[in-house]
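K.L.:
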């Protein structure tokens, strides 16, 4: 497929005077460092070891233009790179040694693959002559990560290293983004070759969509213009494509309500009257009711995953489907599209807008009023009874920042409360682990976000449960060493809250191995040991004072531990395997 994004063809050894950065022979380690500089890499999250010690020695000698951050665990490094990539739109970079250093990255690589995050992971490897001999710290990372990478490279010729780096970043950041692994045998780092960094590369068999098919876009416009109850269903691909402005303009022009996925939060301002919030398993009642009653579902950069659809046979039963996405494998994969449009959604929306008729709110009166009725039937609310509840904390954080913050949530109940109660109005301000659902994501990812910020930028808030935060809490020391002003929230209910909720609702209250109280540390003492400020709050009347005090700390992370109600549950929810019509909502007693 030829597209406007195709790059120039260049052989591995070809270069021009403009491409050539140095003369003579240099080591593979120096080629890697110089390639990262030429690529414009700003920050590398890494952890040294024997297989990559040559890279670190070269880094010490050359003093490269990029910043290297020594993380405390390789998984933390991959999540930090994810946070950096998701918040900036740039490719994240990780550098680790062979064997366990590399395998510790697998969870982060899989997470990036599921959530379409651009990342290049450089892994050390034993010398080429020892590959396959069960050498010390040998691991077949190409084989291990084959199903969770967009592509992977094993460098066997030092003369091809620079071009391999260029290819890795190009693949990671174009089309549907994703992680790329570059495996670096130790002898390739010591071998020498001339350094030439190509301006462009051509990769046989690799292409991706640009503009959408004009006839399909025309068909989509006709469907939209004829629909009485249209609904935008917006996923993370809209944010990846930087298409929030185009989406918002089109939705307002045609007065079409908008619901978003977890990763789509921020692509359309949730304070707009057309917003119906998040849909799916823990989405709003009114979003799911809108889906079940729409006559036209316009999917933008979304993949119809099971957490959105529930029982797929009964989902959106009255709707025709428009599905626009850059990945052909996603279109009609789970739900057949009546009007598929393969392309970059930003370009598709640009071409679609002039073909869609402007519609006033009055012309959609019946549909918009019905949605308002559903909003009134089951608003997003919580119980106020003098106990400290997580939802009130999220609302207070939103009020403190005016919504002008980057919120990085972990996985579990805290993730859903963070999605439901903050109100996101800008893209790239809500960051979480969606597809893989990785506990331990938030703290290192928030650290990566903070490294991508400039002084004076909006605050970075890391929201965690007491279970998930312990999985990568070691990165607090890194954040403190770099004086990152993270606001780290721990919603401490002394349980694996989401699992406990399921045990209560669906397993007759058999709370099997979800009680964390016996093993939880004193989070205040632990945070201070890492060099952070720390505050504990256990009463709702102290929420505001706790947050205000945290905002006074600007030279290091501050941990806010909120000792919340143990039995609090996330509502609404769609039970696994149920239809969205079978949504469980909070009872009147729960929100009284």
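In my numbering, the protein residues as written are 1 to 592. The beta carbon of each residue, even a glycine, is placed where N, CA and C say it ideally should be.
(1) Ends of the alpha helix (DSSP H) at residue 84?
(2) Can you list, in chain order, the residues of its chain whose CB lies under 6 Å from that of residue 555, leaving out five sequence neighbours each side?
(3) Tell me the start and end of each unbroken beta strand (DSSP E) in the region 102-136 that is at least 3 residues and wholly inside, in chain order.
(4) Measure the alpha-carbon distance for residue 89 versus residue 472 and round it to whole angstroms.
(5) Could I get the ranges of all uninterrupted beta strand (DSSP E) runs contained in the region 28-76, with 3 residues as the minimum, in chain order?
(6) Go ahead and label residue 136 buried or exposed: buried means 16 or more other beta carbons lie within 10 angstroms of its beta carbon, across all protein chains shown.
(7) Pull up the distance between the alpha-carbon of residue 118 and that of residue 509, whole angstroms please.
(8) Under the three-state reduction of DSSP, which class applies to residue 574: helix, strand or coil?
(9) Which same chain residues, not among the five before or five after residue 560, have their C-beta less than 6 Å away from its C-beta?
(10) So, helix, strand or coil for residue 533, using DSSP?
(11) In the DSSP assignment, what residue or residues form a beta bridge with residue 492?
(12) Assign residue 445 to one of three DSSP states: helix, strand, or coil.
(13) Locate the alpha helix (DSSP H) running through residue 416, then write down its first and last residues.
(14) Looking only at its own chain, which residues have a Cβ that is under 8 Å from the Cβ of residue 494, when we skip the five neighbours before and after it?
(15) I'd like the span of the alpha helix (DSSP H) that includes residue 375, first residue to last.
(16) Got a sec? Which residues, its chain only, sit under 6 Å from residue 243 by beta carbon, not counting five neighbours each side?
(17) Just mark residue 538 as buried or exposed, buried being the case when its beta carbon has 16 or more other beta carbons within 10 Å.
(18) Evaluate residue 395 with the Cβ neighbour count: other Cβ atoms within 10 Å of its Cβ, from every protein chain shown; 16 or more gives buried, anything less gives exposed.
(19) Can you give me the Cβ contacts of residue 343 inside the same chain, cut-off strictly under 7 Å, excluding the 5 residues immediately before and after it?
(20) Name the residue from 339, 116, 557 and 584 whose alpha carbon lies nearest to the alpha carbon of residue 446.
(21) Here's a check: name, in chain order, each residue in its chain whose Cβ is nearer than 7 Å to the Cβ of residue 311, leaving out the five neighbours to either side.
(22) Using alpha carbons as the reference points, say which of 146, 379 and 103 lies closest to residue 586.
(23) Please tell me whether residue 181 and residue 123 are closer than 8 Å, where the distance is taken between their beta carbons.
(24) Going by DSSP, what residues sit across from residue 184 in a beta bridge?
(25) Alpha carbon to alpha carbon, what distance is there between residue 86 and residue 33?
(26) Would DSSP call residue 409 helix, strand or coil?
(27) Beta-carbon within less than 6 Å of residue 58's beta-carbon, same chain only, minus the 5 sequence neighbours each way: which residues are those?
(28) Return the chain-ordered list of same chain residues with a C-beta closer than 7 Å to the C-beta of residue 267, the five sequence neighbours on each side being excluded.
(29) At which residues does the alpha helix (DSSP H) containing residue 390 begin and terminate?
(30) Is the closest heavy atom of the ligand GTP to the C-beta of residue 381 under 7 Å?
(31) If you run the structure through DSSP and keep just helix, strand and coil, what is residue 177?
(32) What separation, rounded to the nearest whole angstrom, lies between the Cα atoms of residue 479 and residue 486?
(33) Return the chain-ordered list of same chain residues with a C-beta closer than 6 Å to the C-beta of residue 64, the five sequence neighbours on each side being excluded.
(34) How about residue 531 and residue 477: are their beta carbons less than 8 Å apart?
(35) Specify whether the region 93-112 and the region 157-167 touch according to this definition: at least 3 beta carbon pairs, one from each stretch, less than 8 Å apart.
(36) Any contact between the region 132-152 and the region 189-202? By contact I mean 3 or more CB pairs, one from each, below 8 Å.
P.N.:
In brief:
(1) Here the question's residue 84 lines up with position 84 in the chain shown. From DSSP, the alpha helix (DSSP H) with residue 84 extends over 74-88.
(2) In the chain shown, residue 555 corresponds to position 555, counting from 1. Cβ neighbours of residue 555 beyond the five flanking positions: 483.
(3) Segments of the beta strand (DSSP E) lying fully in the region 102-136: 119-125.
(4) What you label residue 89 is simply residue 89 of the chain shown in a count that begins at 1. What you label residue 472 is simply residue 472 of the chain shown in a count that begins at 1. When rounded, the separation of the alpha-carbon atoms in residue 89 and residue 472 is 24 Å.
(5) The qualifying runs are 43-46 and 67-70.
(6) Position 136 of the chain shown, counted from the first residue, corresponds to residue 136. For residue 136, the number of other beta carbons within 10 angstroms of its own is below 16, and it is reported as exposed.
(7) Within the chain shown, numbered from 1, the residue matching residue 118 stands at position 118. Within the chain shown, numbered from 1, the residue matching residue 509 stands at position 509. Using only the alpha carbons, I get a separation of about 41 Å.
(8) Stepping through the chain shown from its first residue, residue 574 is reached at position 574. Correct three-state label for residue 574: coil.
(9) The residue labelled residue 560 in the question sits at position 560 within the chain shown. Within the same chain, residue 560 has close Cβ partners 489, 535, 546 and 550.
(10) Counting from 1 along the chain shown, the entry for residue 533 is found at position 533. Reduced to three states, the DSSP call for residue 533 is strand.
(11) For this step, residue 492 is matched to residue 492 along the chain shown. Residue 492 is bridged to 563.
(12) Walking along the chain shown from the start, residue 445 turns up at place 445. Residue 445 sits in a helix when the DSSP states are folded into three classes.
(13) On the chain shown, residue 416 is found 416 positions in, with the first residue counted as 1. Unbroken alpha helix (DSSP H) run through residue 416: 413-421.
(14) Looking up residue 494 in the chain shown gives position 494. Taken in chain order, the residues that qualify are 466, 515, 516, 517, 520 and 566.
(15) The residue you call residue 375 lines up with position 375 of the chain shown. Unbroken alpha helix (DSSP H) run through residue 375: 365-377.
(16) Within the chain shown, residue 243 is the residue found at index 243, counting from 1. Only 345, 346 and 349 meet the Cβ criterion.
(17) The sequence position of residue 538 within the chain shown is 538, counting from 1. Exposed: under 16 other Cβ atoms inside 10 Å.
(18) By one-based count along the chain shown, residue 395 stands at place 395. So residue 395 counts as buried.
(19) The residue given as residue 343 occupies position 343 in the chain shown. Closer than 7 Å at Cβ, skipping near neighbours: 209, 210, 211, 212, 324 and 326.
(20) Within the chain shown, numbered from 1, the residue matching residue 446 stands at position 446. Closest option to residue 446, Cα to Cα, is 557.
(21) The sequence position of residue 311 within the chain shown is 311, counting from 1. Around residue 311: 577, 578 and 579.
(22) As a first step, residue 586 is located in the chain shown; it is residue number 586 there, counting from the start. Put simply, of 146, 379 and 103 the residue whose alpha carbon is nearest the alpha carbon of residue 586 is 379.
(23) Residue numbering aside, residue 181 sits at position 181 when the chain shown is read from its first letter. Residue numbering aside, residue 123 sits at position 123 when the chain shown is read from its first letter. The answer is yes: Cβ separation under 8 Å.
(24) As a working note, residue 184 is residue 184 in the chain shown. Residue 184 is bridged to 124.
(25) The residue labelled residue 33 in the question sits at position 33 within the chain shown. The residue labelled residue 86 in the question sits at position 86 within the chain shown. Take the alpha-carbon of residue 33 and the one of residue 86: they are about 24 Å apart.
(26) Indexing the chain shown from 1 puts residue 409 at position 409. Three-state DSSP puts residue 409 in a strand.
(27) The residue labelled residue 58 in the question sits at position 58 within the chain shown. If we look at residue 58 and ignore the five residues flanking it on each side, its Cβ neighbours are 29, 30 and 33.
(28) Residue mapping note: residue 267 aligns to position 267 of the chain shown, counting from 1. Around residue 267, the same chain offers 234, 238, 239, 244, 247, 260 and 427 as residues with beta carbons nearer than 7 Å, after the five sequence neighbours per side are excluded.
(29) Counting from 1 along the chain shown, the entry for residue 390 is found at position 390. Unbroken alpha helix (DSSP H) run through residue 390: 390-401.
(30) As far as ligands go, the structure on display features none, and thus does not contain the ligand GTP.
(31) Taking the chain shown and counting its residues from 1, the one referred to as residue 177 is at position 177. If DSSP states are grouped into helix, strand and coil, residue 177 belongs with coil.
(32) In the chain shown, the residue the question calls residue 479 occupies position 479. In the chain shown, the residue the question calls residue 486 occupies position 486. Answer to the nearest angstrom: the Cα atoms are 8 Å apart.
(33) Here residue 64 refers to the residue found at position 64 when the chain shown is read from its first residue. Contacts found: 33 and 37.
(34) As a first step, residue 531 must be located in the chain shown, where it is residue number 531. As a first step, residue 477 must be located in the chain shown, where it is residue number 477. Contact flag set, yes.
(35) No, because fewer than three Cβ pairs between the region 93-112 and the region 157-167 fall closer than 8 Å, the two stretches do not touch.
(36) No, they do not touch.
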